Amino acid sequence: MTSIFSKIIAGDIPCYKIAEDDRFFAFLDINPVAKGHTLVVPKEEIDYIYDLEDELLGDLFKFSKKVAAAIEKVIPCERIGLTVLGLEVPHAHVHLVPLDSRGFIDFKNKVQLEKDEFVAIAQQIAQNFS
Ligand code: 5GP
Numbered sequence: 054m055t056s057i058f059s060k061i062i063a064g065d066i067p068c069y070k071i072a073e074d075d076r077f078f079a080f081l082d083i084n085p086v087a088k089g090h091t092l093v094v095p096k097e098e099i100d101y102i103y104d105l106e107d108e109l110l111g112d113l114f115k116f117s118k119k120v121a122a123a124i125e126k127v128i129p130c131e132r133i134g135l136t137v138l139g140l141e142v143p144h145a146h147v148h149l150v151p152l153d154s155r156g157f158i159d160f161k162n163k164v165q166l167e168k169d170e171f172v173a174i175a176q177q178i179a180q181n182f183s
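One gets this note's numbering by counting positions in the sequence shown from 1 and adding 53 to each.
In structure tokens form, the structure reads like this:
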């Protein structure tokens, strides 16, 4: 079955896109735990992150590093946390979450953002991606 992330990558479902290359795609989490909470996914649809080939897994982290650098330029934070959960969407992905001084990610505590805030945050992060 096609995952919701594959539909987003294909453009069949809208998202607040940050960046993509031939193998990876980054976009804002629709239900963020912090402003700038971003998901990075391999375009190849593989459920469990540890099933990714070593090279693809390594390159997912390299791509995530570039996305994190862009987020850091836009969202005031201590640093960018990187987490893997994967219990909701069966398509491997990492969460990049700006951390405040508590250094703590509470995935039960969501941040409500208006559509124009999502658009502005995604645009700013995308502009700082290189
Ligand atoms: P996980 O699989 O890592 O437990 O959680 C999946 C994450 O994907 C959640 O943080 C959820 O908010 C996010 N998510 C689920 N469906 C969508 C969607 O359609 N669009 C976006 N942008 N994020 C989604």
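For every residue, glycine included, the Cβ atom is placed at its ideal position computed from N, Cα and C.
Just so you know, these numbers come straight off a predicted model, no measurement behind them.
The Cβ atoms of residue 71 and residue 182 lie closer than 8 Å to each other.
Nearest neighbour of residue 142 by Cα position, chosen from 73, 92, 128, 125, turns out to be 92. For the ligand 5GP, no non-hydrogen atom lies closer than 7 Å to the CB of residue 162. Here residue 168 is not near residue 84, since their CB atoms are 8 Å or more apart. The beta carbon of residue 128 lies closer than 6 Å to those of 88, 89, 151 in the same chain, with the five residues before and after it left out.
When secondary structure is reduced to three states using DSSP, residue 133 falls in the strand class. For residue 101, the closest alpha carbon among the candidates 171, 132, 122, 137 is that of 137. Within the same chain, and ignoring the five residues on either side of residue 139 in sequence, the residues whose Cβ sits closer than 8 Å to its Cβ are 100, 101, 102, 145, 146. Measuring C-alpha to C-alpha distances from residue 79 to each of 55, 121, 65 identifies 121 as the nearest. For residue 63, there are no CB contacts under 6 Å within the same chain when 5 residues up- and downstream are skipped. In this structure, the straight-line span from the alpha carbon of residue 170 to that of residue 105 is close to 33 Å.
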